[in-house]
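Numbering (UniProt numbering), first residue to last: 1 to 127.
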């Protein structure tokens, strides 16, 4: 997780256009449909505030009324506390009345998919 934190910081500072293209989509939503992800949180479904649509899944913002702002890779990494060893390499989402947990590497795989989707110039920058 530490490497991804440094990578996110570098992208945030040097390439904001790439920052807005990683972890900001919906392809990895753990609860697609009515209960899809709306905003990034460190502990979906934790504590007394169990809010439908809370997610710690990269590219897990599949709800039609996403409230996450700003939608950035760097914001995802800092909000879900990857630097503190949380939500990496897998994410979670609170949906309806239950907590959904992503596959073993759900966040790592979502980052990889988003990086592969970059255009060739952006891939050169990332490399």
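From the three backbone atoms N, C-alpha and C, an ideal C-beta is built for every residue, glycine too. For clarity, every value in this text was computed on a predicted model and none was experimentally measured.
**Message:** For residue 89 and residue 112, I'd like the C-alpha separation in whole angstroms.
**Reply:** Cα to Cα, residue 89 sits roughly 12 Å from residue 112.
**Request:** From the DSSP output, read off the bridge partner residues of residue 95.
**Result:** BP columns for residue 95 point to 98.
**Asked** Do residue 6 and residue 29 have their CB atoms nearer than 8 Å?
**Response** Not a contact, by the Cβ cut-off of 8 Å.
**Message:** Suppose the cutoff is 8 Å on Cβ atoms and the five residues either side in sequence are ignored; what does the same chain contact list for residue 42 look like?
**Reply:** Cβ neighbours of residue 42 beyond the five flanking positions: 56, 79, 80, 81, 86 and 87.
**Prompt:** Which residue or residues does DSSP assign as beta-bridge partners of residue 40?
**Reply:** Paired residue(s): 55.
**Item:** Exposed unless 16 or more other CB atoms sit within 10 angstroms - verdict on residue 31
**Value:** Buried, by the Cβ-count rule.
**Asked** Out of curiosity, what's the CA-to-CA distance linking residue 9 and residue 83?
**Response** In this model, residue 9 and residue 83 are separated by some 11 Å (Cα to Cα).
**Prompt:** How close, in whole Å, do the beta carbons of residue 68 and residue 38 come, if the pair is a contact with beta carbons under 8 Å?
**Reply:** Right, the Cβ-Cβ distance comes to about 7 Å (below 8 Å), so this counts as a contact.
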